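Residue numbers (this note's numbering): 6 to 255.
Working notes, beginning with the structure itself.
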């Protein structure tokens, strides 16, 4: 179900155990070969496909296209909410649905910079409602819901990266007219320095053109396989939320 298509009495009539899915993405640079709206286009498509498969088993909120993208602000066209403002936005969205009586809320994320604030928002919201025992508050990233290396036999990357093989492949499958030539792009590795720590960084620290990964290895066939794998992963995850017994930790 899509919240944008419902009337308020329709929402009122829903079981409050219905999983509510809040897709959160971004509008930011994706290298010289990819459009700024890549994260939102990809997550929007995965959410659309997941909603079709789930039917009335889940309620999908409108996609939030503005994300936490300050690390990309050296590149023109990037738009980013102030980090603390973004955290409050996510907290507020969760509170909105709690006020409407829903108890199973899921942030489905499509941008690396949203991982920390998404996790923090569900943690903070749970603490504000610590006396309740019926809440399930989750933050999950779509590409972590499937094993990337099993999606296609010929993948060079085994992790998402940024505007690399995976995202470029999916955009070639979804909106090829928006993807520029990748043949001259140099592969930029993720890097493992200080791997046991969390490091403050900007994208310019790691990549002059803005991408991380191997966009030249991308193709539409890989993209179709990846979109399918990630959609199925999200669907299975939401089904587990739907089937939660209302009290167990495991």
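Yeah, the Cβ is synthetic: ideal placement off N, Cα and C, and Gly gets one too.
In this text, all values refer to a predicted model and were calculated from it rather than measured experimentally.
Looking only at its own chain, which residues have a Cβ that is under 8 Å from the Cβ of residue i, when we skip the five neighbours before and after it?
i, result
"residue 163", "153 and 154"
"residue 88", "73, 75 and 122"
"residue 42", "32 and 70"
Going by DSSP, which residues form a beta bridge with residue i?
i, result
"residue 145", "113"
"residue 7", "65"
"residue 217", "167"
"residue 193", "218"
Counting only the same chain and skipping the five closest in sequence on each side, list residues whose C-beta sits under 6 Å from that of residue i.
i, result
"residue 144", "112, 123, 124 and 127"
"residue 28", "48, 52, 68 and 113"
"residue 157", "227 and 230"
Give the single residue among the options whose Cα lies nearest to the Cα of residue i.
i, options, result
"residue 197", "63, 211 and 88", "211"
"residue 95", "9, 7, 75 and 30", "30"
"residue 85", "44, 18, 16 and 157", "44"
"residue 33", "160, 82 and 232", "82"
"residue 250", "62, 159, 92 and 139", "139"
"residue 8", "56, 65 and 19", "65"
"residue 167", "118, 185 and 203", "118"
"residue 97", "120, 115, 183 and 129", "129"
"residue 15", "178, 61, 247 and 100", "61"
"residue 232", "165, 252, 186 and 248", "165"
Who are the near neighbours of residue i in its chain, counting only those whose CB is closer than 7 Å to its CB and skipping five residues on each side?
i, result
"residue 235", "51, 147, 148, 150 and 151"
"residue 207", "76 and 79"
"residue 102", "25 and 110"
"residue 204", "none"
"residue 55", "236, 239, 240 and 243"
"residue 169", "162, 216, 217, 218, 219 and 220"
Check your understanding: Would the segment 165-173 and the segment 212-221 be scored as touching if the rule is three or more Cβ pairs under 8 Å?
Key -> A contact is defined here as three or more CB-CB pairs under 8 Å, and the segment 165-173 meets this definition with respect to the segment 212-221.
Check your understanding: When the Cβ atoms of the segment 185-196 are set against those of the segment 25-41, are three or more pairs found closer than 8 Å?
Key -> Contact check between the segment 185-196 and the segment 25-41: three or more CB pairs, one atom from each, fall below 8 Å, which counts as touching.
Check your understanding: Should the segment 12-24 be called in touch with the segment 100-109, which here means at least 3 C-beta pairs below 8 Å?
Key -> Result yes; three or more Cβ-Cβ pairs closer than 8 Å.
Check your understanding: What alpha helix (DSSP H) runs, 4 residues minimum, are completely inside the segment 13-90?
Key -> Scanning the segment 13-90 from its first residue to its last, the whole alpha helix (DSSP H) runs of 4-plus residues come out as 13-18 and 43-59.
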